[in-house]
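Note that the UniProt record's numbering has the sequence shown beginning at 1, numbered continuously upward.
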Amino acid sequence: MTFDELGLSPNTLKAVAESGYTEPTPIQAGAIPKVLQREDVLGIAQTGTGKTASFTLPMIDILSQGKAKARMPRSLIIEPTRELAAQVAENFEKYGKYHRLNMALLIGGVSFGDQDKALMRGVDVLIATPGRLLDQYDRGKILMSGVQLLVIDEADRMLDMGFIPDIERIFKMTPFTRQTLFFSATMPTEIKRIVDTFLHNPARVEVARPAETAKTVSQYLLSLKSNDPKTKRAKLRQILTQDGLKNAILFCNRKRDVDIVAKSLTQNGINAAPIHGDLNQSVRTETLERFKSGDVTVLVASDVAARGLDIPDVSHVVNFDVPFHAEDYVHRIGRTGRAGRKGTSITIATPVDAKALAAVTEMLGKPIPAYQQDVAEQKPVTTEPSKPKTTRREPKKSRPVKAAKQPEPVSRPATPVTTKTNTSGAGFAGNVPDFFLKD
Ligand code: ADP
Ligand code: MG
Numbered sequence: 001m002t003f004d005e006l007g008l009s010p011n012t013l014k015a016v017a018e019s020g021y022t023e024p025t026p027i028q029a030g031a032i033p034k035v036l037q038r039e040d041v042l043g044i045a046q047t048g049t050g051k052t053a054s055f056t057l058p059m060i061d062i063l064s065q066g067k068a069k070a071r072m073p074r075s076l077i078i079e080p081t082r083e084l085a086a087q088v089a090e091n092f093e094k095y096g097k098y099h100r101l102n103m104a105l106l107i108g109g110v111s112f113g114d115q116d117k118a119l120m121r122g123v124d125v126l127i128a129t130p131g132r133l134l135d136q137y138d139r140g141k142i143l144m145s146g147v148q149l150l151v152i153d154e155a156d157r158m159l160d161m162g163f164i165p166d167i168e169r170i171f172k173m174t175p176f177t178r179q180t181l182f183f184s185a186t187m188p189t190e191i192k193r194i195v196d197t198f199l200h201n202p203a204r205v206e207v208a209r210p211a212e213t214a215k216t217v218s219q220y221l222l223s224l225k226s227n228d229p230k231t232k233r234a235k236l237r238q239i240l241t242q243d244g245l246k247n248a249i250l251f252c253n254r255k256r257d258v259d260i261v262a263k264s265l266t267q268n269g270i271n272a273a274p275i276h277g278d279l280n281q282s283v284r285t286e287t288l289e290r291f292k293s294g295d296v297t298v299l300v301a302s303d304v305a306a307r308g309l310d311i312p313d314v315s316h317v318v319n320f321d322v323p324f325h326a327e328d329y330v331h332r333i334g335r336t337g338r339a340g341r342k343g344t345s346i347t348i349a350t351p352v353d354a355k356a357l358a359a360v361t362e363m364l365g366k367p368i369p370a371y372q373q374d375v376a377e378q379k380p381v382t383t384e385p386s387k388p389k390t391t392r393r394e395p396k397k398s399r400p401v402k403a404a405k406q407p408e409p410v411s412r413p414a415t416p417v418t419t420k421t422n423t424s425g426a427g428f429a430g431n432v433p434d435f436f437l438k439d
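Here it is as structure tokens:
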């Protein structure tokens, strides 16, 4: 699915492309066409799934026709907090850069005078927190009769914050003929009642919670301080040559990286092959068969190519970067630890992954434990006085070279070398953190 298929205008698509998004998230794919058809929408999806763009993008196109009158906002977006309101405003600025829409923020902490001026100019989009909006309304500064589109975002948070009576009032103030878009991560009874009362036959777009991350998977995080691709690939080679790694699926966020990484690994004597959507089907099938048979040790994959693949016995999943969508993290690591077997996942994160990592952490409800190898490296083991030269670095550096010298790396047996000093695998055995999604 691409953004082009959703019915958005060329100018909006251009702004989306410039923001770097390539594919709509499930809530976006489901909600955008419905909003453009002017239906009421009930969107249910957890935090971090891209709900904001699922209403801002179609709103920009809908509001591009027509002009706002003083004090009569054409659309109204209610957010529970100032920060969320400000974020939505940023979204409008980013995606609406090729449109001329007037926007105003009505939140606490901004002077009434400035807000009043903005309202006088006439706004296409008014983004507000409930308290400040009702204040201004009660002072007679806003007329609600021009509101064609009302968005209630983060409804369950509104409930937690005691805003439901305010929301009911806002519903009653706006015209009955308005289009209503309503978003919530969960649907407690109180929220359901509001939806049943104030939405008209809404299209329900629900994105299922990702399945619980498999408890048989030990998850680790390797945080790198730099974004340098070379350092990253070197670290990756250490991971892939550790003890106990029978085979691995290595996920990259970008197709381009899938090819680059597969090539780099092969050049360094690691038995790897790429699989992504741009390769033709027969190549993909063949690569997959070779991976299943043990002929290929590391399958380098994109999310799309790996979706639905049934590979029963993978010892490791490695994330070359943190997936853009938190739910993909669950899908990725679910490739190991299947059928009750133990599996390990290692996620590499560099500073550019910070946002994505925060989303994954939030979804999991706790941070991913640090990958032990990283710790080990900072504290070289000094318990072998007889061999002072055997530092941690030495074997790691030489390992890929050694492997490269093998005449036929492709046919390297899947059984790992067991005689080498157990350095890189340190800290793995027996350390099985139990991971649950928060509820
Ligand atoms: P929600 O409101 O569901 O919690 P947001 O709308 O705040 O989620 O989006 C969460 C993050 O995902 C933001 O950083 C946003 O920039 C990013 N995002 C949204 N849509 C996409 C997309 N289609 N592709 C990539 N990233 C996206
Ligand atoms: Mg949101």
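Quick reminder that beta carbons are idealized off the backbone N, C-alpha and C, glycines included.
Run of the beta strand (DSSP E) containing residue i, from where it starts to where it stops
i       : result
Leu-224 : Unbroken run through Leu-224: none, as it is neither H nor E.
Arg-204 : 203-206
Ile-44  : 41-44
Val-314 : Counting along the chain, Val-314 falls outside any beta strand (DSSP E), and DSSP gives it neither H nor E.
Ala-301 : 298-302
For residue i, three-class secondary structure by DSSP
i       : result
Asp-353 : helix
Val-151 : strand
Ala-248 : strand
Leu-240 : helix
Thr-382 : In this prediction, Thr-382 scores a pLDDT of 34, lower than 50, which makes its location untrustworthy; no coordinate-derived value is stated.
Thr-285 : helix
Thr-177 : coil
Gln-37  : coil
Phe-55  : helix
Val-360 : helix
Thr-47  : coil
Ala-185 : coil
Val-346 : In the sequence as presented, Val is not what sits at residue 346; that position holds Ile. In the structure shown, Ile-346 sits in a strand (DSSP, three-state: E or B).
Limits of the alpha helix (DSSP H) - the one that residue i falls within
i       : result
Ala-195 : Just to set this straight, residue 195 is Val in the shown sequence, not Ala. Here the alpha helix (DSSP H) through Val-195 covers 189-198.
Asn-11  : 10-19
Thr-274 : Correcting the residue type first, residue 274 is Pro in the shown sequence and not Thr. Careful: Pro-274 lies outside any alpha helix (DSSP H), inside the beta strand (DSSP E) at 272-275.
Leu-279 : No alpha helix (DSSP H) holds Leu-279; DSSP gives it neither H nor E.
Leu-265 : 255-267
His-331 : 326-333
Whole-number beta carbon distance between residue j and residue i, since they are thought to touch under 8 Å
i       : j       : result
Tyr-22  : Thr-49  : The question names Tyr, but residue 22 in the sequence shown is Thr. The pair is not a contact, with the Cβ atoms about 16 Å apart (cut-off 8 Å).
Thr-336 : Ser-302 : That belief does not hold up - the Cβ atoms of Thr-336 and Ser-302 are roughly 17 Å apart, past 8 Å.
Leu-133 : Ile-170 : 7 Å
Val-41  : Leu-181 : 5 Å
Lys-235 : Leu-221 : The pair is not a contact, with the Cβ atoms about 12 Å apart (cut-off 8 Å).
Gly-43  : Ile-27  : 6 Å
Ala-185 : Ala-68  : With a Cβ gap of about 31 Å, Ala-185 and Ala-68 do not count as contacting.
task = Report the residue ranges of all beta strand (DSSP E) runs contained in full by the segment 64-142; include only those spanning at least 3 residues, in chain order.
result = 75-78, 103-106 and 125-128
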